[in-house]
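Asker: Going by this note's numbering, the residue at position 22 of the sequence shown is 25; the numbering climbs one at a time, nothing skipped.
Beta carbons are placed, not taken as given, at the ideal position from N, Cα and C, and that holds for glycine.
Submitted below is the structure of interest, expressed as structure tokens.
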Amino acid sequence: MSRLPYVDPDDASPKVREALRAVPPLNVFRLMANAESAFRPWMRWGGVLLNDLALDPLLRELAILRVAKLSPGADYEWVQHVPVARSVGATDEQVEAIERGDIEAECFTDEQGDVLAFTTEVLHEVGASDETFAAVRAFLSPREMVELLMVIGQYMMLARAMATARIDLDEPLDPRAARDAGEDSPVRQGMTREQEFVVEGALLTDVGGTLRVPVLSTPGMIGKMEGNAARLAASVLPEHLGTVGFEVRVKHVAGAREGARCTALARVRRVIDGRKIRYDVEVREGDRLLGVGTHERRIIDVESHGRKLNGRRD
4 MSRLPYVDPD
14 DASPKVREAL
24 RAVPPLNVFR
34 LMANAESAFR
44 PWMRWGGVLL
54 NDLALDPLLR
64 ELAILRVAKL
74 SPGADYEWVQ
84 HVPVARSVGA
94 TDEQVEAIER
104 GDIEAECFTD
114 EQGDVLAFTT
124 EVLHEVGASD
134 ETFAAVRAFL
144 SPREMVELLM
154 VIGQYMMLAR
164 AMATARIDLD
174 EPLDPRAARD
184 AGEDSPVRQG
194 MTREQEFVVE
204 GALLTDVGGT
214 LRVPVLSTPG
224 MIGKMEGNAA
234 RLAASVLPEH
244 LGTVGFEVRV
254 KHVAGAREGA
264 RCTALARVRR
274 VIDGRKIRYD
284 VEVREGDRLL
294 GVGTHERRII
304 DVESHGRKLN
314 GRRD
């Protein structure tokens with residue numbers, strides 16, 4: 004039995020009551036709601052970590068499971084995140100390997116094993132060793148590195164709160180219930196697609212003659228991001244459905260010269276109401292980040308959309 008009370012929404016302040024009624028009735032939320040002024044900001048923070056990171060969702064969940072198994076008394080964290088991990092691609096073999104502490108098992112890719120080792124060192128040693136840090140830094144951007152540290156820190160804190168309070172276990176929440184009705188769409192969170200391209204032709208600009216050598220233009224880069232995201236959706240949508248873009252938020256952080264070989268990456272961050280897809284997008288030249296941001300597309304009926312564009316309603 005918990006050593007701290009669970010907040011009843013009916014007895015809570017209006018803001019806490021509103022927040023509790025917007026989430027499933029899990030003990031973790033009702034426990035943390037005791038911190039009345041911090042509860043809603045903490046909820047927003049947790050939502051960002053689970054929905055709005057550049058970090059691969061599978062790497063995030065593997066790190067969370069490793070934190071849970073290394074934290075005595077954090078069974079609640081493990082029970083709740085095993086189904087979440089499976090929903091973003093974790094296999095039974097990976098879950099079982101983390102449960103028995105075998106983070107070098109063959110079921111993990113090199114990158115996944117490095118993230119698990121990194122998580123272990125951060126938890127046990129406070130900071131990762133130079134060797135482990137370098138291994139993870141080889142495939143994660145600075146943004147993703149800091150996000151990984153934030154995830155580890157968040158779930159270390161939660162594990163300690165759960166263990167200290169002796170929180171009562173809940174049945175694991177179906178991760179589909181946490182999605183915004185996106186389960187009706189074949190496009191799923193965590194899906195990724197890469198497309199290689201060469202910086203040439205219409206992708207180039209000399210910025211009205213102000214540059215001595217032509218470089219990858221911002222519109223050209225965004226076009227590659229959008230096109231790759233559209234093809235990712237098209238690869239799983241039925242033939243009568245397509246997508247149209249309606250929002251792009253991108254930073255062009257570095258240049259690329261004519262002839263550079265680049266890669267556009269699109270990763271599905273979220274599916275909203277089964278109709279809108281939010282992507283994390285980026286373009287790299289090798290390990291060098293050229294552009295990064297988010298992009299949103301709407302799923303449409305191709306024929307109906309075409310009729311509307313032509314002014315026909317039949």
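What does the alpha-carbon distance come out to for the pair residue 162 and residue 77?
Answerer: Along the sequence shown, read from residue 1 onward, the residue named residue 162 stands at position 159. Along the sequence shown, read from residue 1 onward, the residue named residue 77 stands at position 74. Taking the straight line joining both Cα atoms gives about 5 angstroms.
Asker: Quick one: what does DSSP say residue 181 is sitting in, helix, strand or coil?
Answerer: Stepping through the sequence shown from its first residue, residue 181 is reached at position 178. Because residue 181 sits at a pLDDT of 41, beneath the cut-off of 50, its placement in the model cannot be relied upon, and the following sentence gives the value as read from the coordinates. The DSSP-derived three-state label of residue 181 is helix.
Asker: Answer with buried or exposed for residue 283, where buried requires no fewer than 16 other C-beta atoms within 10 angstroms of its C-beta.
Answerer: If you number the sequence shown from 1, residue 283 lands on position 280. With 16 or more other Cβ atoms within 10 Å, it is buried.
Asker: Excluding five sequence neighbours on each side, which residues of the same chain lie with their C-beta closer than 6 angstroms to the C-beta of residue 74?
Answerer: The residue labelled residue 74 in the question sits at position 71 within the sequence shown. Closer than 6 angstroms at the Cβ level, and outside the excluded window around residue 74, lie 162.
Asker: On the DSSP letters alone, give me the boundaries of the beta strand (DSSP E) that residue 43 sits inside.
Answerer: Here residue 43 corresponds to residue number 40 of the sequence shown, with the count starting at 1. Taken as a continuous stretch (DSSP letters only), residue 43 belongs to no beta strand (DSSP E), being part of the alpha helix (DSSP H) at 39 to 54.
Asker: Which residues does DSSP pair with residue 281 in a beta bridge?
Answerer: To locate residue 281, count along the sequence shown from 1; it is residue 278. In the DSSP output, where bridge partners are listed per residue, residue 281 has 273, 299.
Asker: Starting from residue 249, trace the beta strand (DSSP E) both ways and give me its first and last residue.
Answerer: Position 246 of the sequence shown, counted from the first residue, corresponds to residue 249. First-last of the beta strand (DSSP E) with residue 249: 244 to 255.
Asker: Compare the Cα-Cα distances from residue 166 to each of 310, 244, 34 and report the closest residue.
Answerer: Looking up residue 166 in the sequence shown gives position 163. The shortest Cα separation from residue 166 among 310, 244, 34 belongs to 34.
Asker: Count the CB pairs spanning the region 130 to 138 and the region 98 to 107 that are closer than 8 angstroms, and state whether there are at least three.
Answerer: Flag = no, the region 130 to 138 and the region 98 to 107 do not touch.
Asker: Measure the alpha-carbon distance for residue 86 versus residue 48 and round it to whole angstroms.
Answerer: By one-based count along the sequence shown, residue 86 stands at place 83. By one-based count along the sequence shown, residue 48 stands at place 45. Looking at the two C-alpha atoms, the distance is approximately 21 angstroms.
Asker: If you draw a straight line from the alpha carbon of residue 216 to that of residue 209, how long is it in whole angstroms?
Answerer: Here residue 216 refers to the residue found at position 213 of the sequence shown. Here residue 209 refers to the residue found at position 206 of the sequence shown. One C-alpha to the other measures close to 6 angstroms.
Asker: What number of angstroms, rounded off, separates the C-alpha of residue 70 from the C-alpha of residue 123?
Answerer: For the purposes of this step, residue 70 is identified with residue 67 of the sequence shown, where counting begins at 1. For the purposes of this step, residue 123 is identified with residue 120 of the sequence shown, where counting begins at 1. Their Cα atoms are separated by approximately 8 angstroms.
Asker: Excluding the 5 residues flanking residue 54 on each side, which residues of the same chain have their C-beta closer than 8 angstroms to its C-beta?
Answerer: If you number the sequence shown from 1, residue 54 lands on position 51. Excluding positions up to five away in sequence, the list reads 272, 273.
Asker: Which residues mark the beginning and the end of the beta strand (DSSP E) in which residue 195 is found?
Answerer: As a working mapping, residue 195 is identified with position 192 in the sequence shown. Where residue 195 is concerned, the enclosing beta strand (DSSP E) stretches over 195 to 201.
Asker: Please look up how many angstroms separate the CB atoms of residue 293 and residue 224, rounded, as I've assumed it's under 8 angstroms.
Answerer: Against the sequence shown, residue 293 aligns to sequence position 290. Against the sequence shown, residue 224 aligns to sequence position 221. That belief holds up - the Cβ atoms of residue 293 and residue 224 are roughly 7 angstroms apart, short of 8 angstroms.
Asker: On the CB-based measure, 16 or more other CB atoms within 10 Å of its CB, does residue 13 come out buried or exposed?
Answerer: Here residue 13 refers to the residue found at position 10 when the sequence shown is read from its first residue. Burial call: exposed.
Asker: With burial defined as no fewer than 16 other Cβ atoms inside 10 Å of the residue's Cβ, what is the status of residue 249: buried or exposed?
Answerer: Indexing the sequence shown from 1 puts residue 249 at position 246. Classification for residue 249: exposed.
Asker: Determine the closest residue to residue 92 out of 64, 100, 156, 116, with distance taken between C-alpha atoms.
Answerer: Against the sequence shown, residue 92 aligns to sequence position 89. Taking only the C-alpha atoms, the option nearest residue 92 is 64.
Asker: Do you know offhand how far residue 18's Cα is from residue 46's?
Answerer: Within the sequence shown, the letter at position 15 stands for residue 18. Within the sequence shown, the letter at position 43 stands for residue 46. Rounded to the nearest angstrom, the two C-alpha atoms are 12 angstroms apart.
Asker: What do you get for residue 185, buried or exposed, if any count of 16 or more other CB atoms within 10 angstroms of its CB means buried?
Answerer: Looking up residue 185 in the sequence shown gives position 182. Only weak support is given to the placement of residue 185: the predicted model assigns it a pLDDT of 41, under 50, and the question is left unresolved by the model.
Asker: Counting only runs that start and end within the region 88 to 148, where is the alpha helix (DSSP H) found for 4 or more residues in a row?
Answerer: Counting only runs of 4 or more, we get 95 to 102, 113 to 128, 133 to 140.
Asker: For residue 219, write down the residues that DSSP places opposite it in a beta bridge.
Answerer: Position 216 of the sequence shown, counted from the first residue, corresponds to residue 219. Answer is 207, bridged to residue 219.
Asker: Could you give the distance in angstroms between the alpha-carbon of residue 296 and the alpha-carbon of residue 257?
Answerer: The sequence position of residue 296 within the sequence shown is 293, counting from 1. The sequence position of residue 257 within the sequence shown is 254, counting from 1. Between residue 296 and residue 257, the C-alpha separation is close to 13 angstroms.
Asker: Given residue 263, which residues of its chain have a CB within under 6 angstroms of its CB, disregarding the five upstream and five downstream residues?
Answerer: In the sequence shown, residue 263 corresponds to position 260, counting from 1. Hits under 6 angstroms: 202, 288.
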